[in-house]
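Trainee: Residue numbers (the working numbering): 174 to 368.
From the three backbone atoms N, C-alpha and C, an ideal C-beta is built for every residue, glycine too.
Bear in mind the structure is a predicted one, so any value in this text is a computation, not a measurement.
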Ligand code: DQA
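(1) So which residues touch the region around the ligand DQA, with touch meaning a C-beta under 6 Å from any heavy atom?
(2) Thinking C-alpha only, which one of 315, 363 and 342 is nearest residue 217?
(3) Please tell me whether residue 265 and residue 244 are closer than 9 Å, where the distance is taken between their beta carbons.
(4) The alpha helix (DSSP H) with residue 215 in it runs from where to where?
(5) Per DSSP, residue 286 is paired with what?
(6) Out of 326, 289 and 343, which has the shortest C-alpha to C-alpha gap to residue 211?
(7) Just to confirm the assignment, what range does the beta strand (DSSP E) spanning residue 273 have?
(8) Under 9 Å, do residue 293 and residue 357 count as touching if we go by C-beta distance?
(9) Given residue 257, which residues of its chain have a CB within under 6 Å of its CB, disregarding the five upstream and five downstream residues?
(10) List the whole-angstrom C-beta distance separating residue 278 from residue 309, where the pair is believed to meet the contact cut-off of C-beta under 8 Å.
(11) Measuring alpha carbon to alpha carbon, tell me which residue in 239, 251 and 223 is nearest residue 351.
(12) Does residue 339 come out as helix, strand or coil in the three-state DSSP assignment?
(13) Buried or exposed: where does residue 208 fall if 16 or more other Cβ atoms within 10 Å of its Cβ makes it buried?
(14) Determine, using beta carbons only, whether residue 242 comes closer than 9 Å to chain B.
(15) Thinking C-beta only, is residue 276 closer than 9 Å to residue 332?
(16) Please confirm whether residue 339 and residue 273 have their CB atoms less than 9 Å apart.
(17) Quick check: the Cα distance between residue 222 and residue 319, rounded to an integer number of angstroms?
(18) Exposed or buried, which one is residue 327 when buried takes at least 16 other CB atoms within 10 Å?
(19) Tell me the DSSP secondary structure of residue 256 in three-state form.
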């Protein structure tokens with residue numbers, strides 16, 4: 174097997190060890206994982222352009238659930254695990270970059286996060302600067318898309334984020350966000366078991 178798609182690499186990476194060995198035995202480039210450090214018990218949830226319109230925007234693709242619904246549900250789950258979520262949605266690339274810089278690196282301790290869940294929306298396919306911001310803070314991040322970007326127009330298949338994400342969840346609608354949060358909650362519980 175010459176090369177695995179990065180998406181599969183990521184999913185396999187956290188599965189049973191024989192799967193991990195399979196990945197290691199390929200010539201595929203290893204995924205760049207920042208280690209998960211459970212320092213702040215806080216996560217950043219970023220949503221890019223037009224996701225403020227969830228619920229009314231092309232509901233046949235993105236569903237009827239609003240961003241507020243998603244954020245409320247995530248908050249409820251996070252609260253039960255004593256995790257704080259910081260939500261940022263913007264239609265402006267620069268605002269998202271500022272938020273990533275602040276919560277990832279520059280802010281005071283009470284603003285810093287351990288990881289990021291991001292749906293970059295249309296910026297997925299265009300934004301080197303947003304990618305650079307995420308790489309600059311060197312925190313693990315999960316890329317989420319409501320739709321399956323690989324089943325849509327060809328230009329949506331390319332992401333500036335996937336090769337550096339811990340994992341990519343796409344095509345599972347609003348539930349993708351819960352799954353991403355679940356992954357981080359699992360990391361938090363592993364970290365507390367280790368202490
Ligand atoms: C999206 C997919 C992108 O291609 C699109 O530009 C979006 C939303 C998704 O969640 O499916 O705005 O990221």
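Mentor: The short version:
(1) 223, 292, 294, 295, 297, 318, 319, 320, 322 and 329
(2) 315
(3) no
(4) From DSSP, residue 215 is part of no alpha helix (DSSP H) but of the beta strand (DSSP E) over 215-222.
(5) Paired residues: none, contrary to the question.
(6) 289
(7) Per DSSP, residue 273 belongs to no beta strand (DSSP E); it is in the alpha helix (DSSP H), 266-274.
(8) no
(9) 215
(10) 7 Å
(11) 251
(12) coil
(13) exposed
(14) Among the chains of the structure shown, chain B does not appear; only one protein chain is present.
(15) no
(16) no
(17) 13 Å
(18) exposed
(19) coil
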